[in-house]
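J.: One structure, pasted below without further comment.
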Amino acid sequence: MLKNPVTRIFFKSIDIPVNRTSKISAFKAFKRATELLKEGKSVVIFPEGKIDEEYPPKLHSFKAGAFKMALENHTPILPVVIHNAWEILFDDGARFGSKPGVIHISVLKPINYHPSQSQKYDSIEMEVYEKMKKVWNQGH
Numbered sequence: 001m002l003k004n005p006v007t008r009i010f011f012k013s014i015d016i017p018v019n020r021t022s023k024i025s026a027f028k029a030f031k032r033a034t035e036l037l038k039e040g041k042s043v044v045i046f047p048e049g050k051i052d053e054e055y056p057p058k059l060h061s062f063k064a065g066a067f068k069m070a071l072e073n074h075t076p077i078l079p080v081v082i083h084n085a086w087e088i089l090f091d092d093g094a095r096f097g098s099k100p101g102v103i104h105i106s107v108l109k110p111i112n113y114h115p116s117q118s119q120k121y122d123s124i125e126m127e128v129y130e131k132m133k134k135v136w137n138q139g140h
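Each residue of the sequence shown is one higher than the last, beginning at 1 in the UniProt record's numbering.
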C-alpha cells in the first residue's frame, strides 16, 4: 500500500505500522491502538493481518488482536466488507497500479460487547468472520 501515492499519504499520516514478523512491533501497535481507543478515537483494523496477493482475493481467517482489543476496551466492532478494491487498486505493474473507479463497501451492524457477558474473543472473532463471509460471498 505504500507504493501507491494515494494510499501512501493515507497510511503515512494515520497508520500504525506493524511488522508481522516481529512480536515487539505487534505489541507496540496493539498498545498504540489501545491508547487511541481510550482517547475516544476510532481504529480501523484489517483482521486478516495482510493484504491478499491472490486475484481475485479471498477472505482469509482472522487474527485475534482486534477482537482481544475490543473486548479488553469494551469497544463495539463495526464490520466493513470492501468488495472490489482489488479491481480498482490492482497492482498490474502499471505506473501506480490503480485506475479510476468506484469501490463498493458494505457496513454491517455494530457488534457490542457488554462487560457482564462472559464472551471470549474467539467467539466474537468467529461471529464477525461468518457475518463478513456471508456478505463477501454475495459480492463476489
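Note that beta-carbon positions come from the ideal geometry of N, C-alpha and C, so glycine has one too.
(1) With which residues is I105 paired in a DSSP beta bridge?
(2) Please report the straight-line C-alpha distance between Y113 and I124, rounded to a whole angstrom.
(3) I45: buried (16+ other C-beta within 10 angstroms of its C-beta) or exposed?
(4) Hey, P47 and W86: beta-carbon distance below 7 angstroms or not?
(5) Would you mind sorting F67 into buried or exposed? The rule is 16 or more other CB atoms within 10 Å of its CB.
(6) Just to confirm my understanding: we take I105, look at its own chain, exclude 5 residues before and 5 after, and list those with CB closer than 7 angstroms. What are they?
(7) Could you name the residues of the same chain whose beta carbon sits closer than 6 angstroms to that of L59, not counting the 5 residues immediately before and after it, in chain order?
(8) Helix, strand or coil, according to DSSP, for I45 in the structure here?
(9) To the nearest angstrom, how far is it from the Cα of E35 to the Cα of K23?
(10) Span of the alpha helix (DSSP H) holding Y113?
(11) Could you compute how far the alpha carbon of K28 sits from the alpha carbon of G49?
(12) Considering only their Cβ atoms, is the gap separating G101 from I88 smaller than 7 angstroms?
T.: A quick look at the data gives this:
(1) I82
(2) 9 angstroms
(3) buried
(4) no
(5) buried
(6) V80, V81, I82, H83
(7) K133, W136
(8) coil
(9) 18 angstroms
(10) Where Y113 is concerned, there is no enclosing alpha helix (DSSP H), given that its DSSP letter is neither H nor E.
(11) 15 angstroms
(12) yes
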